[in-house]
């Protein structure tokens, strides 16, 4: 194994930039953060791993992770659906034409209000721009990470028909916020060339500074009618019932002064209760009041009342695996008792009550043994947060328990997803990724957990990296462990698999981390990087030119391993049925081939060249472009022309597939090696 000192000494460049302000429970990058405030939290990861190798059933992992995760890049049709409930605040519609002509706009958001509807406003503006565009050119919605100036340029790579949204409204007036304004200026300079649009949300406390950078392009975000927002989101309720709700004193009082996301939350609580069969206004109000209540005080009382170890363990188990089967909840309780060092003897198996009866001990907490859920929305989360924060003596026990919990869930994608969601929520509540990081380490290294542990670890790390509150810390850790070889190989396999499941808005971040992981001396890590980069390219709609632009940075004569991985990724994407692999005359692809012909071994470049030409097809303009780009990349360099000649005349079937390339290379070589003609005077 290569020692850390043998590796390049370039300093780590972690992406420690600003996190998007939490626009609601949805923790990713689509426009529904402020538009769709559905409760759906996710997170995760681990620190350092043992040096023992870990085998992952990659087909099972990929299938299960895919079944749990949703792709959150927002296409134009999805964006249109998400903004259908949106109530624009005064003055916002007038900004559409300004954005259409100037391509950028800065939203000034109220300081100290993390959820003022800024994301929904940006989504609405981008959607409204489509009125001026043909259907084939409708805009998608993306949120890039601009942690460094070079990422501002990367955000515009292949950014045609894209609306970009950046949210730094949670940074009031410190140096970080001013730096983000400068980076947005870098991004703004490239918008006309790429045809993209961009909206930046900043705190109104930065109004004076923002005016210096973007004169005439500021709009102060105002608050629409909270009742109008409530009515829009609760529109499926019968009109008389909706009128009764909006005139109810409790609803009116709780809508007073509310910004759109909070008003939308109340409406969705009402719709949820209506769908569950509640039809009377008073009953709906009770449900909305209960769902919007912070249950911390009630949770504290219940933790005190359920003071014995078995009772408290059952309450915590029900909160952590809420919704699971009764046997799973009881098994989670028994596991917690074991981890805590249970001393009491269990009754004989023939004397124990059934699992449903055991769960009835929680009936005073409104736990429903039929659904295995608490009737009070959010109560279980309050129990977990309170147990962690107010019972510090339990923290080590809880961490060890969480590290073993996948063993009671089995291969249940839904159960794994819910578990990781609650762990990330707990970690985010502490505003640190430490909990999620440590738990993931346990899941990834405990062989007893098998594939379930691997799936859970990958999902947990991926969502921790994308979470608006702890994502920056998680991505920084991933960068550090990807860069240095101090991390065991098993850990870096999990890193690669998780990073490969990032979404479109995090392409640059993901490819940077995979680039460093690709230098790993272990075959299993490099294989994981190849799979991850290939999956990322296909699943996020990355164009071939965009992929090759990323991979150009992987090619270096000093990094032979990374060069081989880059070639493998390009070859697999070219050979795959998915993704945009159409060959076009593009600068990124030309730069890649110039670097590839100068760094790859003859055998590796030959395989890649054959894949390139097969992707172009046997005849037609694509093949002409493909061959022409190879010749342009080789130029008059005899060594590079020799690479092309070797590719055209080596390997099985080369004579049949490479005749065109062989003929063109021979002609080019003839021109290059021919002696210069002498004029008559010289003779």
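Residue numbers (the UniProt record's numbering): 1 to 683. Where a beta carbon is used, it is the ideal one built from N, C-alpha and C, also for glycine.
According to the neighbour-count rule (16 or more other Cβ atoms, all chains shown, within 10 Å of its Cβ), is residue 350 buried or exposed? Per the 10 Å Cβ criterion, exposed.
Where do the ends of the alpha helix (DSSP H) carrying residue 163 lie? Per DSSP, residue 163 belongs to no alpha helix (DSSP H); it is in the beta strand (DSSP E), 162-168.
Every unbroken alpha helix (DSSP H) within the stretch 504-567, with a cutoff of 4 residues, ordered by chain: Within the stretch 504-567, complete alpha helix (DSSP H) segments of at least 4 residues are found at 507-517, 523-539, 544-552, given in chain order.
Looking at C-alpha atoms only, which residue of 260, 425, 648 is the closest neighbour of residue 89? Its Cα nearest to that of residue 89, the residue 260 stands out among 260, 425, 648.
Counting only the same chain and skipping the five closest in sequence on each side, list residues whose C-beta sits under 6 Å from that of residue 500. Cβ within range, chain order: 532, 535, 536.
Exposed or buried, what is residue 96 when buried is set at 16 or more other beta-carbons lying within 10 Å of its beta-carbon? With 16 or more Cβ atoms within 10 Å of its Cβ, residue 96 is classed as buried.
First through last residue of the beta strand (DSSP E) which encompasses residue 232: Looking at the DSSP string, residue 232 is not in any beta strand (DSSP E); the run it does join, the alpha helix (DSSP H), is 226-233.
Residue of 116, 188, 428 minimising C-alpha distance to residue 470: Closest option to residue 470, Cα to Cα, is 428.
Please return the same chain residues whose Cβ sits closer than 6 Å to the Cβ of residue 591, not counting the five positions on each side in sequence. So the qualifying residues of the chain are 552.
Does the distance from the CB of residue 525 to the CB of residue 478 come in under 7 Å? No, these two residues do not count as a Cβ contact at 7 Å.
Candidates 314, 284, 594: which alpha carbon is nearest residue 268's? When each option's Cα is compared against that of residue 268, the closest is 284.
Give the secondary structure of residue 382 by DSSP, where H, G and I count as helix, E and B as strand, and everything else as coil. Helix, per DSSP.
With 16 as the cutoff for other CB atoms within 10 Å, does residue 667 come out buried or exposed? With fewer than 16 other Cβ atoms within 10 Å, it is exposed.
Who are the Cβ neighbours of residue 664 in its own chain at under 8 Å, not counting the five residues just before and after it? Cβ-Cβ distances below 8 Å link residue 664 to 627, 631 in the same chain, with the five nearest sequence neighbours on each side left out; the list follows chain order.
If we count Cβ pairs, one from each stretch, closer than 8 Å, do we get three or more for the stretch 352-372 versus the stretch 404-411? The stretch 352-372, when compared against the stretch 404-411, does not touch it at the 8 Å Cβ threshold.
Starting from residue 75 and walking both ways along the beta strand (DSSP E), at which residues does that stretch end? Counting along the chain, residue 75 falls outside any beta strand (DSSP E), and DSSP gives it neither H nor E.
Express the C-alpha separation of residue 318 and residue 521 in angstroms, rounding to a whole number. Each residue's Cα considered, the two are about 44 Å apart.
Find the nearest neighbour of residue 279 within the set 263, 297, 236, 253, judged by alpha-carbon distance. Comparing alpha carbon positions, the residue from 263, 297, 236, 253 closest to residue 279 is 236.
Expected contact under 8 Å - CB spacing of residue 437 and residue 403 to nearest Å: With 8 Å as the limit, residue 437 and residue 403 do not qualify as a contact, their Cβ atoms being about 12 Å apart.
Given a cut-off of 7 Å, decide if residue 281 and residue 244 are closer than it, judged by their beta-carbon atoms. Yes, they are a contact pair.
Residue 106 in three-state terms, based on DSSP: Residue 106 falls in the strand class under three-state DSSP.
Please report the distance separating the alpha-carbon of residue 388 from that of residue 110. Near 32 Å, if we compare the C-alpha coordinates of residue 110 and residue 388.
Buried or exposed, going by whether 16 or more other CB atoms sit within 10 Å of the CB of residue 562? Taking every protein chain shown into account, the CB of residue 562 has 16 or more other CB atoms within 10 angstroms, so this residue is buried.
Cβ neighbour criterion (16 or more within 10 Å) applied to residue 115: So residue 115 counts as buried.
Opening and closing residue of the alpha helix (DSSP H) in which residue 472 lies: For residue 472, the uninterrupted alpha helix (DSSP H) run begins and ends at 471-483, by DSSP.
If we ignore side chains and look at the alpha-carbon of each, how far apart do residue 136 and residue 473 end up? Straight-line Cα distance between these residues: approximately 39 Å.
Could you tell me which whole alpha helix (DSSP H) segments of length 4 or greater appear in the stretch 242-300? Here the runs fully enclosed are 249-255, 260-275, 281-291.
Here's a check: name, in chain order, each residue in its chain whose Cβ is nearer than 7 Å to the Cβ of residue 132, leaving out the five neighbours to either side. So the list reads 100, once near-sequence residues are dropped.
Buried or exposed for residue 512, please, with buried defined as at least 16 other CB atoms from any protein chain shown within 10 angstroms of its CB. When all chains shown are included, residue 512 counts as buried.
Which listed residue (589, 418, 584) has its alpha carbon closest to that of residue 463: Per the Cα distances, 418.
Which partner residues of residue 201 appear in the DSSP bridge assignment? As a beta-bridge residue in DSSP terms, residue 201 pairs with 107, 167.
Residues in the same chain with beta-carbon distance under 8 Å from residue 567, minus the five sequence neighbours each way, listed in chain order, please. Non-local C-beta neighbours of residue 567 in its own chain, meaning closer than 8 Å and more than five positions away in sequence, comprise 596, 600, 604, 605, 607, 608, ordered along the chain.
DSSP beta-bridge partners of residue 220: DSSP lists 108 as partners of residue 220.
Within its chain, find whatever has a CB closer than 7 Å to the CB of residue 397; leave out the 5 residues flanking it on each side and keep chain order. Here the set comprises 339, 340.
One question on the structure: do residue 321 and residue 309 come within less than 7 Å of each other, judged by their Cβ atoms? Contact: no.
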